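S.K.:
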Amino acid sequence: MSGRDSVYCESTVYAFWKTLSISFFRPTALGTMGSIFYNFFLCQFKRALLPGRVPVTNVDHPLDEKIPFIPSWVTIYIDFTQFWIRILSFFIRRYGRRAYAPIRDFIASMGNLYAYAAEIYKKNLSTTKRPFYIKRFRFLVIHLLDPHLMCIPSLHVMVVILTYTKFEEIAKYLGDGEKLLSQIQEMKQGALAISQAIFFVKQHSINCIPAALFAMTVYSPDLFPQKEAEKFISLLFSPAPSKENMPGGCRFHPAAAPLTRINASDQEQIKDHILKLYMQFLEEGKTARIWYEPILKFLQNYNKDE
C-alpha cells in the first residue's frame, strides 16, 4: 500500500481544519471535544485532587506479570487519538460531501462514547500499578496528563474498536467496501496494535480489555457483536505486518511496532482470561438492570477477600 492510499499518512491538522471550519461539522465537533475534555480529563483530575468521593479499585491481575514493560511501544500507544481523527481526513479528502453525513455521525458517536464510559467512572474508579518511567518525553506527558484512575473499561480499546468498525461501515455506506478492503484491514491491525501497546507500556491490566469489549458490544451490537469480539481477542499478540509493506513516512503504522515475543503458553492464558471475563460480563448483562452493572459488580468485588 502506498502512502497515498494509507489512512496512516493522513493529516490530523486537515481533519481539525475541515471539521471546525465547515458549519455542517462544527457543532458536533465542538460537542465531542467538550465531551472528551469533561468526561476524561476534567472528571479524572477532579477525582485525583479530591480523593475519597468515589471508590478506587486496583485491578491488577497476576498474569500482567507475564507481559514485559517495553517503553518503545509508547509510539504506538500515544497514537490512539490521531488514529480516529485520521479517518475524518481520509473520507473527506476522497469523497467530499458524500461522506459528510456518516463522518458527522462518527464524530458524534465518539463524544457519546466518552460519556458512556464515564457512567462507570463516576461510580467506581480503577487503577493499576504503573511504573514511574520518564526517560522518554512521551512518558512524562502521559504521567502529567493521565492520573491513571479510569482503567476499566479501557477507553483506548473502546476508541480504537469504534474507529475500525465505523471505518468499515462508512466504506460500505459509500459503496466502496470492496475497494477499501486493504484500508479496512489496516485499521483493524492498528486497533490491535494499540490494544497491545497498552499492555507493554503498563497502562492497563488484562482485566481492562474484556470490560472494554463488553462495553463496545453493548454500545454498538451491530458493529461489534460477540463473534467480532471473540475474533479480536484471538488476534491479540499477532505479529505486526511486515515493515516492507509500511507506507513511507507513516511512523505510527502497525508495522512500526517493536518486535515483541511473549511465551506462547502465556499468550494463551492471557487471551483465555480475557475471553472468559468477556463472556462472564455478557452472561451477567442478560439480567442486568443497567448495561454497566456487570462491570460495576466486578469492580466492587475485586480483591474483596484479600
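Every position in the sequence shown, counted from 1, becomes a number in our numbering once 15 is added.
In this text, a Cβ means the ideal position worked out from N, Cα and C, and glycines have one as well.
Note that the structure is a prediction, hence the values are computed from the model and not measured.
Short of 6 Å in beta carbon distance, which residues of its chain neighbour glycine 300, apart from the five on each side in sequence? Order them along the chain.
M.R.: Taking the sequence shown and counting its residues from 1, the one referred to as residue 300 is at position 285. Counting only Cβ-Cβ distances below 6 Å, and skipping sequence neighbours, we find Pro309.
S.K.: For leucine 57, which residues of its own chain have a beta-carbon under 8 Å away from its beta-carbon, when the five flanking residues on both sides are left out?
M.R.: Walking along the sequence shown from the start, residue 57 turns up at place 42. Result list for leucine 57: empty, nothing under 8 Å.
S.K.: For isoleucine 289, which of Trp32, Val175, Leu78 has the nearest alpha-carbon?
M.R.: One-based indexing of the sequence shown puts residue 289 at position 274. When each option's Cα is compared against that of isoleucine 289, the closest is Leu78.
S.K.: Excluding sequence positions up to five away, which residues of its chain have a Cβ less than 7 Å from the Cβ of methionine 202?
M.R.: Counted from its first residue, the sequence shown places residue 202 at position 187. So the list reads Val22, Thr178, Tyr179, Phe182, once near-sequence residues are dropped.
S.K.: Would tryptophan 32 be called buried (16 or more neighbouring beta carbons within 10 Å of its own) or exposed?
M.R.: Counting from 1 along the sequence shown, the entry for residue 32 is found at position 17. Label assigned to tryptophan 32: exposed.
S.K.: Would you call the CB atoms of lysine 291 and serine 249 closer than 8 Å?
M.R.: Locating residue 291 in the sequence shown gives position 276, where the first residue counts as 1. Locating residue 249 in the sequence shown gives position 234, where the first residue counts as 1. It is not a contact, given that the beta carbons lie outside the stated cut-off.
S.K.: Taking buried to mean at least 16 other C-beta atoms within 10 Å of its own C-beta, is aspartate 75 buried or exposed?
M.R.: Position 60 of the sequence shown, counted from the first residue, corresponds to residue 75. So aspartate 75 counts as buried.
S.K.: If we count the other Cβ atoms within 10 Å of its Cβ and call it buried at 16 or more, is leucine 207 buried or exposed?
M.R.: For this step, residue 207 is matched to residue 192 along the sequence shown. Leucine 207 is buried by the Cβ-count criterion.
S.K.: I need the boundaries of the beta strand (DSSP E) containing serine 323, first residue and last residue.
M.R.: Nothing in the structure corresponds to residue 323, since the chain is present only between 16 and 321.
S.K.: Since I believe isoleucine 213 is in contact with serine 253 (beta carbons under 8 Å), could you give me their beta-carbon distance rounded to a whole number of angstroms?
M.R.: Translated into the one-based positions of the sequence shown, residue 253 becomes position 238. Translated into the one-based positions of the sequence shown, residue 213 becomes position 198. At roughly 16 Å, the Cβ-Cβ gap does not stay under 8 Å, so serine 253 and isoleucine 213 are not in contact.
S.K.: Return helix, strand or coil for asparagine 73, following the three-state DSSP convention.
M.R.: If you number the sequence shown from 1, residue 73 lands on position 58. Note: asparagine 73 maps to strand in three-state DSSP.
S.K.: What is the residue span of the alpha helix (DSSP H) that alanine 114 lies within?
M.R.: Your numbering for residue 114 matches position 99 in the sequence shown. Note, alanine 114: premise wrong, no alpha helix (DSSP H); not H, not E.
S.K.: Between the C-alpha atoms of tyrosine 29 and lysine 312, what's the straight-line distance to the nearest angstrom?
M.R.: Here residue 29 refers to the residue found at position 14 of the sequence shown. Here residue 312 refers to the residue found at position 297 of the sequence shown. The straight-line gap from Cα to Cα measures roughly 43 Å.
S.K.: Ordered along the chain, which non-local residues of its own chain (more than five positions away) have a Cβ less than 7 Å from that of isoleucine 107?
M.R.: Translated into positions along the sequence shown, residue 107 becomes position 92. Counting only Cβ-Cβ distances below 7 Å, and skipping sequence neighbours, we find Lys33, Ala114, Ile118.
S.K.: Would you decide whether leucine 35 is buried or exposed? Buried here means 16 or more other CB atoms lie within 10 Å of its CB.
M.R.: Locating residue 35 in the sequence shown gives position 20, counting from the first residue. Flag for leucine 35 reads exposed.
S.K.: Do serine 210 and valine 233 have their C-beta atoms within less than 8 Å of each other?
M.R.: To locate residue 210, count along the sequence shown from 1; it is residue 195. To locate residue 233, count along the sequence shown from 1; it is residue 218. In this structure, valine 233 does not lie closer than 8 Å to serine 210 by Cβ.
S.K.: Do you know offhand how far arginine 62's Cα is from isoleucine 51's?
M.R.: Here residue 62 refers to the residue found at position 47 of the sequence shown. Here residue 51 refers to the residue found at position 36 of the sequence shown. Approximately 16 Å between the Cα atoms of the pair.
S.K.: Helix, strand or coil for glutamine 241? Go by DSSP, reduced to three states.
M.R.: For this step, residue 241 is matched to residue 226 along the sequence shown. It is helical.
S.K.: Could you tell me the boundaries of the alpha helix (DSSP H) in which serine 104 lies?
M.R.: Against the sequence shown, residue 104 aligns to sequence position 89. Unbroken alpha helix (DSSP H) run through serine 104: 95-110.
S.K.: Taking just the CA atoms, how far does arginine 109 sit from glutamate 193?
M.R.: Taking the first residue of the sequence shown as position 1, residue 193 is located at position 178. Taking the first residue of the sequence shown as position 1, residue 109 is located at position 94. Their Cα atoms are separated by approximately 16 Å.
S.K.: Quick one: using the 10 Å Cβ neighbour count with 16 as the cut-off for buried, is serine 197 buried or exposed?
M.R.: Locating residue 197 in the sequence shown gives position 182, counting from the first residue. The residue in question, serine 197, is exposed, as its Cβ has fewer than 16 Cβ neighbours within 10 Å.
S.K.: Which value, in whole angstroms, describes the spacing of the CA atoms of valine 69 and aspartate 161?
M.R.: Counting from one through the sequence shown, the residue named residue 69 turns up at place 54. Counting from one through the sequence shown, the residue named residue 161 turns up at place 146. If you take the alpha carbons of valine 69 and aspartate 161, they lie about 17 Å apart.
S.K.: Going by alpha carbons, who is nearest to phenylalanine 152 out of Met48, Cys223, Asn316, Val89?
M.R.: Within the sequence shown, residue 152 is the residue found at index 137, counting from 1. Among Met48, Cys223, Asn316, Val89, the Cα nearest to that of phenylalanine 152 belongs to Val89.
S.K.: If you draw a straight line from the alpha carbon of aspartate 120 to that of lysine 217, how long is it in whole angstroms?
M.R.: Position 105 of the sequence shown holds residue 120. Position 202 of the sequence shown holds residue 217. Roughly 33 Å between the two C-alpha positions.
S.K.: For my contact list, isoleucine 167 and asparagine 222 are in at a C-beta cut-off of 8 Å; report their separation, rounded to the angstrom.
M.R.: Residue 167 sits at position 152 when you count from the first residue of the sequence shown. Residue 222 sits at position 207 when you count from the first residue of the sequence shown. Between asparagine 222 and isoleucine 167 the Cβ distance is about 7 Å, and since that is below 8 Å, they are a contact.
S.K.: Could you check if valine 156 is buried or exposed, using at least 16 other CB atoms within 10 Å of its CB as the buried criterion?
M.R.: Within the sequence shown, the letter at position 141 stands for residue 156. With fewer than 16 Cβ atoms within 10 Å of its Cβ, valine 156 is classed as exposed.
S.K.: Mind checking glutamine 59: buried by the 16 CB within 10 Å criterion, or exposed?
M.R.: As a first step, residue 59 is located in the sequence shown; it is residue number 44 there, counting from the start. Classification of glutamine 59: buried, given that the 10 Å Cβ count is 16 or more.
S.K.: Return the CA-CA distance between leucine 64 and leucine 164, expressed in angstroms with no decimal places.
M.R.: In the sequence shown, the residue the question calls residue 64 occupies position 49. In the sequence shown, the residue the question calls residue 164 occupies position 149. Roughly 12 Å between the two C-alpha positions.
S.K.: Please report the Cβ distance between phenylalanine 215 and threonine 143, rounded to the nearest whole angstrom; I am assuming they are in contact, meaning their Cβ atoms lie under 8 Å.
M.R.: Working through the sequence shown from its first residue, we reach residue 215 at position 200. Working through the sequence shown from its first residue, we reach residue 143 at position 128. In fact, because the Cβ distance is near 13 Å, the residues do not count as touching under 8 Å.
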